[in-house]
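> All residue numbers for the sequence shown refer to our numbering, where the first residue is 361 and numbers rise by one.
By construction, the Cβ of each residue, glycine as well, lies at the ideal position given by its N, Cα and C atoms.
Only a predicted model underlies this, so the values are computations on that prediction, with no experimental measurement involved.
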Amino acid sequence: MWYLCVFYHRLLDFRKPEVEALADLFGALGEESESLQWRLPQHHHPDSPFHFVHLPSDDIACSIANRSILVKGMYELWGEGSSYDELRDSIESYPDSCKLPFLTSDSTFRISVETFGKTITFDEQKDRIHSLSYIPFKGRVNLKNPEHKFFLLETDESGDNNGLPPIVQRRIFFGREVGCADRKLVPTYQLKSRNYLGPTAMDAEVAFLMSNQAKAAPGKLVYDPFVGTGSILVSAAHFGATTMGADIDIRVVRDGRGPDCNVWSNFKQYGLPMPVALLRMDNNLPPWRPGLKEIFDAIICDPPYGVRAGGRKSGGRKLLKGAVDPYTVPDDKRTGHIPSTAPYSLVECVHDLLDLAARMLVMRGRLVFFFPVLREDNNPENKYPEHTCFKLVAVSQQILSSRYSRVLLTMVKISPYTPEIEEEARLRHKEFRENHVKWLEDGNIHSSVFSPSDSIPPSPQALSKDPKLKYRGKYV
């Protein structure tokens, strides 16, 4: 059945991928169908907040709308037209068998009028509602808690259309609400009211979108290898998932800002289940025991790519005095010890993340992470990270500035992690480490901001000539 899906006018690239993921979560997609059917209303363009989507039932449409962050409402459309005369003809031609069950005398209802691209007065709203008198409503009006909610939705053909290109002709929709989003969720979890906050904490709205694309739900184990202050895991826990996180900074994981201001207190603040574990762990040298595979249902993260905070891994010059392996810390100094770290390039970080996900995700598990791009490089031929075990199912861009964007990549594990893939990853990992040791021995300065194809930063000699040297459009 076709439903009218009305989106909030935000994060346009994220809207359809979120609905697709939730449709998969609620069983609307089978093995043969990996995406939903969409179509636009007459005269509308792809950025319009109005879309038609084909879903199996009211229950699934309601579940998607109630869980979604960007779906304003899902409606069973009774009629549409470019004028109120066309709307009347359309409504009257809609089958009575679909309308009459919601028009009975023992029911309560409410009609709301909403517009996009313009505002109308209260008197104009009443006039539009009175124009629907040909619909045989027999129930009682209940404005606060009606049994059935009906909406009259109207768009405007003017040029001032919330920043979008004008549509050729206005369109009017009338339908029964099947489900709507709970927008109280975002204000409840907004960062400014969070107990423990860091400079890279994920915005609450985006964190919930990431968890939706990862299909976080009860009975699923979600892992964030760059947990920070736990914003992403908080959103996953809200949806009922069991969570687990790790971070290389032991001060973030263990101490926070005190006993009542740390990652754990963020979960306590919202009455959410605590993570099963928060580990001090290096994504470059994960301590998983040999043979441990496929334990996570989803991995959701915002890898460090050097815009607000550079990535770090175990290393440093101290390690060069003997072996590359980390040194042993005496027992009497372990409590206050902060391990030595070194810069962690984006290309190496993403390689390690994909290898971790390929090994540790269950089949059909999802990897959801942000990836930085330069906006001048943003074209259809952009190359995003790839892996044999994964299929890229969604790319959603969020503009950060006039020069930078980041894209949310959603990948699904479609093939097992084989010994051949493991050996290839081991050799690549060894190559990264050997290059890193060579850079340190040569006295090179290592930038944490890289294009995916980069592996060697500018030399210190070049930097000494120009301290503001740009490396692929980024200051080192």
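(1) Excluding five sequence neighbours on each side, which residues of the same chain lie with their C-beta closer than 6 Å to the C-beta of H414?
(2) According to DSSP, which residues form a beta bridge with C365?
(3) Under a Cβ-count criterion, where at least 16 other Cβ atoms within 10 Å of its own Cβ denotes burial, should Q573 be classed as buried or exposed?
(4) Under a three-way DSSP split, which group does I660 fall into?
(5) Is Y556 closer than 8 Å to N881 when the C-beta atoms are compared?
(6) So which of I781, D712 and G725 has the shortest CA-CA distance to F586?
(7) Short of 8 Å in beta carbon distance, which residues of its chain neighbour S762, apart from the five on each side in sequence? Order them along the chain.
(8) For a test of the three-state rule: what should DSSP assign to M326, helix, strand or coil?
(9) Pick out whichever of F510, A637 and F656 has its Cα sitting closest to the Cα of K459.
(10) Should the segment 552-572 be regarded as contacting the segment 587-601, the criterion being three or more beta carbon pairs within less than 8 Å?
(11) Under 8 Å, do G470 and N426 count as touching if we go by C-beta distance?
(12) DSSP three-state label for R614, please.
(13) Assuming A596 and S571 form a contact by the criterion Cβ under 8 Å, report the distance between their Cβ atoms to the nearest whole angstrom.
(14) From T464, V379, P406 and P401, pick the residue whose C-alpha is nearest to that of S428; which is it?
(15) With the cut-off set at 8 Å, would you say K498 and T464 are in Cβ contact?
(16) Starting from the N-terminal side, write out each stretch of the alpha helix (DSSP H) that is 4 residues or longer and does not extend beyond the segment 467-550.
(17) Is the Cβ of L545 closer than 8 Å to any Cβ of chain E?
(18) In three-state DSSP terms, what is I592?
(19) Need the endpoints of the beta strand (DSSP E) that F374 sits in, please.
(20) Distance check for V538 and V728, CA to CA, integer angstroms please.
(21) What residue does the alpha helix (DSSP H) around Q629 start on, and which one ends it?
(22) Measuring straight from C-alpha to C-alpha, what distance separates N626 and Y744?
(23) From the DSSP output, in three-state form, read off I655 for me.
(24) Mapping the DSSP letters down to three states, classify L463 as helix, strand or coil.
(25) Leaving out the 5 sequence neighbours to the left and right, which residues in its chain are closer than 6 Å to V546 when beta-carbon positions are compared?
(26) Which residues share a DSSP beta bridge with D607?
(27) Taking all protein chains shown into account, do 16 or more other C-beta atoms lie within 10 angstroms of the C-beta of E440, making it buried, or fewer, making it exposed?
(28) For the beta strand (DSSP E) containing Y665, list its first residue and its last residue.
(29) Leaving aside the five residues before and after Q629 along the sequence, list all residues of the same chain whose C-beta is less than 6 Å from its C-beta, in chain order.
(30) In three-state DSSP terms, what is K552?
(31) Contact defined as beta carbons within less than 8 Å: I believe R837 pairs with T468. What is the distance between those atoms, to the nearest angstrom?
(32) Measure the Cβ-Cβ separation of L513 and F533 and say whether it is below 8 Å.
(33) For a test of your reading of the model: does the CB of N572 fall under 7 Å from any non-hydrogen atom of the ligand FMN? Yes or no.
(34) In angstroms with no decimal places, state the Cα-to-Cα distance between E708 and G477.
Reading from the atomic positions:
(1) Counting only Cβ-Cβ distances below 6 Å, and skipping sequence neighbours, we find W362 and Q397.
(2) Partner(s): H411 and M434.
(3) The C-beta of Q573 has 16 or more other C-beta atoms within 10 Å across all chains shown, which makes the residue buried.
(4) In this structure, I660 counts as strand in the three-state DSSP scheme.
(5) Because the chain here runs from 361 to 836, residue 881 falls outside it and cannot be looked at.
(6) Cα-wise, what sits closest to F586 is D712.
(7) Annotation for S762: R735 place their beta carbon closer than 8 Å to its own, counting only its chain and skipping 5 residues before and after.
(8) Since the first and last residues shown for the chain are 361 and 836, residue 326 lies out of range.
(9) Among F510, A637 and F656, the Cα nearest to that of K459 belongs to F510.
(10) Three or more pairs of CB atoms, one per stretch, sit closer than 8 Å, so the segment 552-572 contacts the segment 587-601.
(11) Just to set this straight, residue 470 is Arg in the shown sequence, not Gly. Not in contact: R470 and N426 (Cβ atoms no closer than 8 Å).
(12) Residue state, collapsed to three classes: helix.
(13) Yes, A596 and S571 are in contact; Cβ-Cβ is about 5 Å, under 8 Å.
(14) The shortest C-alpha separation from S428 is found at V379.
(15) Less than 8 Å separates the beta-carbon of K498 from that of T464.
(16) Here the runs fully enclosed are 482-490 and 545-548.
(17) The displayed structure is made up of one protein chain only, and chain E is not part of it.
(18) Here I592 sits in helix by DSSP.
(19) Note, F374: premise wrong, no beta strand (DSSP E); not H, not E.
(20) Answer to the nearest angstrom: the Cα atoms are 29 Å apart.
(21) Where Q629 is concerned, the enclosing alpha helix (DSSP H) stretches over V623 to Q629.
(22) Looking at the backbone, the Cα of N626 and that of Y744 are separated by about 33 Å.
(23) In the displayed model, I655 falls within coil according to three-state DSSP, outside both helix and strand.
(24) The answer is coil: DSSP assigns L463 none of H, G, I, E or B.
(25) Cβ within range, chain order: A564 and E565.
(26) Beta-bridge partners assigned by DSSP to D607: R640.
(27) Counting C-beta atoms within 10 angstroms of its own C-beta, E440 has 16 or more neighbours from the protein chains shown and is therefore classed as buried.
(28) Note, Y665: premise wrong, no beta strand (DSSP E); not H, not E.
(29) Cβ neighbours of Q629 beyond the five flanking positions: N555.
(30) Three-state DSSP puts K552 in a helix.
(31) Look at the range of the chain in this structure, 361 to 836, and you will see that residue 837 is not part of it.
(32) A contact, by the Cβ cut-off of 8 Å.
(33) Absence of the ligand FMN is noted for the structure shown, with no ligands found whatsoever.
(34) Approximately 46 Å between the Cα atoms of the pair.
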